[in-house]
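Shown next, in structure tokens, is the structure this report addresses.
2 protein chains.
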Amino acid sequence: MRTDEQTAQAKAPLSRERIVLAAVELADREGIEAVTMRKLADVLAAGAMSLYYYVPNKDDLLDGMIDAVKGEIEPPASDGDWRTELRKRATSTRHALQRHGWAVGLMESRTQRPGPANLKLHDAVLGCLREAGFSIEDAIHAYSVQDAYIYGFALQEQSVPAADEIADVVDRQVEHIESNPEIEALAEAYPYLAEVVAGYVGPSGYDFGKEFEYGLDLILDALEQRRTAG
Amino acid sequence: MRTDEQTAQAKAPLSRERIVLAAVELADREGIEAVTMRKLADVLAAGAMSLYYYVPNKDDLLDGMIDAVKGEIEPPASDGDWRTELRKRATSTRHALQRHGWAVGLMESRTQRPGPANLKLHDAVLGCLREAGFSIEDAIHAYSVQDAYIYGFALQEQSVPAADEIADVVDRQVEHIESNPEIEALAEAYPYLAEVVAGYVGPSGYDFGKEFEYGLDLILDALEQRRTAG
DNA sequence: ACCTGAACACCGTTCAAGT
DNA sequence: ACCTGAACACCGTTCAAGT
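Each protein sequence line maps, in turn, to chains A and B.
Mapping to the working numbering: the first sequence position 108 is 108, numbers consecutive.
Mapping to the working numbering: the second sequence position 90 is 1090, numbers consecutive.
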């Protein structure tokens, strides 16, 4: 065994897959804005421009990163109970999007050329819905509401400061609610908002997980009602 | 009247507001990636670095742009029927996000420091819900589902190719569905997806507006049920 | 086939300087 | 107070060249 065996990973031959994987890890670690072609090449111990042999351009790399995230989502089975299967798939999606917080923002900017993982997932979800008795039209409707909700929730979870940060900020405000003129100004300008901030979110904190499930179940319940009615 | 009256708009004194407005227009016209400090200064007929006197940095400018978009959303009234008020607010949000397609993607990347327009809107929505009899807790739930859905839908509408593009692509595929080996491969690998693509979306096209309303009403109906039940 | 460095046309931002 | 250009440390990408 040669001593440079330890750097084998870094010295392994480049490939599109290895590049995409490294980009995902880099984005997870340092944020999406840290993913530059040069830094990525550094991480891979490659010359700055070597990546262009495997990846036509940065946009294509970003597409690959998105498909890698989609690949982490557990596809639903077509033979189980559709509700529990799609519930699992929804939380699986949320978790993948939590692990890779940069992914949601990436999806908007590019009009997607869906990768293989994405297509496979689409097929599984549609299959689950169709086998549960949804018409093609209703399956599309059901899919659309669910995905809008799931990705929109992820967007909020991403763009709103972390739950504990909210709690911290609010707690500090609530402590001197009497003396602090700022929160009185807030209460005057935005009474309902102040009510929510002071009365609810603050002391108890805010649980994104519970919130997610509330909306998810509301939607799944409503879909089940329409399925059995129609 | 002097002849340079026509360039008055361009020569008007700079201000944060004018800069933000120009940035929004530039993003609408040429996409968010065209919004660079230098190009923006050009548009305003100002020296390249003059903007920094009014705006601390680009991130702050982007925050301002987001708040400008939020300002275009019609806030719901607190005294009308909550369902119709919030329905109007939802479509108003969708339309604002359609006019400024770059906005959704911007929201993820920054953990928001909500601007005044955003706060005002939050307050109006919460007020509408509270006056309709929702408890604080339920108002938060109701708000969360709706916003997740609305912004998630906007995200999909943005990232999926335009409706007519889909129709075009699919139409072309459907025309030689017998002869084209690609779609047969698609049908083999992704049977349910192929079914949807060929059978539904293609000939009739896909109406994002109708789809949006389906999910919106599903959610509002479910919320109304819980309101009257609880 | 696989990898590379130099070079080009861009970025955001700082800073010292102009009016 | 308001605006500015030069300069710095970055980008993505092309291209001609190395093994």
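Glycine included, C-beta positions come from ideal geometry on N, C-alpha and C.
Against chain A, a Cβ distance below 8 Å from B:Arg1110 picks out Ser159. For B:Glu1074, no alpha helix (DSSP H) run applies, since DSSP gives it neither H nor E. At the C-beta level, B:Leu1218 and A:Ala222 come within 8 Å of one another. Taking 7 Å as the Cβ-Cβ cut-off, the stretch 123-137 of chain A approaches chain B at Asp123, Leu126, Gly127, Arg130, Ile136, Glu137, given in chain order. DSSP places A:Thr91 in the helix class (H, G or I) of the three-state scheme.
Chain-order list of chain B residues neighbouring A:Asp42: empty, with the shortest C-beta distance near 23 Å, by a criterion of under 9 Å. Take B:Ala1139, set aside five residues on each side of it, and the residues of its chain with a beta-carbon closer than 7 Å to its own are Leu1126, Leu1129, Arg1130, in chain order. Close partners of B:Met1107 in chain A (Cβ separation under 7 Å): Leu155, Ser159.
CA-CA distance, A:Ile73 to B:Glu1030, rounds to 34 Å. A distance of 8 Å or more separates the beta carbons of B:Pro1076 and B:Arg1094. Rounded to the nearest whole angstrom, the C-alpha separation of A:Leu216 and B:Ile1032 is 32 Å. If you check the CB distance, A:Lys70 and A:Ala117 come in under 8 Å. Taking the CA atoms as reference points, A:Ser159 sits about 15 Å from A:Met107. In this structure, the alpha-carbon of B:Glu1195 lies about 24 Å from that of A:Thr84.
Secondary structure of B:Asn1118 (DSSP, three-state): helix. Put simply, the CB of A:His95 is far from chain B, with every gap to its CB atoms at 8 Å or more. A check of alpha carbon separations from A:Lys120 across B:Ala1023, B:Glu1188, B:Leu1121, B:Phe1153 identifies B:Glu1188 as the nearest. Taking every protein chain shown into account, the CB of B:Tyr1151 has 16 or more other CB atoms within 10 angstroms, so this residue is buried. CA-CA distance, A:Val43 to A:Ile66, rounds to 20 Å. Contact annotation: in the stretch 213-225 of chain A, residues whose CB is within less than 8 Å of a CB in chain B are Tyr214, Gly215, Leu218, Ile219, Asp221, Ala222, Leu223.
Shown here for A:Phe134: same chain residues with a beta carbon closer than 7 Å to its own, the five before and five after excluded, namely Ala142, Arg227 in chain order. Burial state of A:Asp79 is exposed, judged by a 10 Å Cβ sphere holding fewer than 16 other Cβ atoms. Judged by beta-carbon spacing, A:Ser144 lies within the 8 Å limit of B:Glu1211, meaning their Cβ atoms are closer than that value. Membership of A:Tyr192 in the alpha helix (DSSP H) is indicated by the continuous run 191-196. Exclusion of the five residues before and after B:Leu1051 leaves Ile1019, Met1037, Leu1040, Ala1041 as the residues of its chain whose Cβ lies within less than 7 Å of its Cβ. Look at A:His100: its C-beta is not under 8 Å from any C-beta on chain B. Contacts between B:Glu1030 and chain A, judged by CB atoms closer than 8 Å, are missing: the closest CB pair is about 14 Å apart. Cβ contact annotation for B:Leu1097 (same chain, cutoff 7 Å, sequence separation greater than five): Ala1103, Val1104, Ala1154, in chain order. Closest by C-alpha distance to A:Leu14, out of A:Gln146, A:Val55, A:Glu213, A:Tyr206, is A:Val55.
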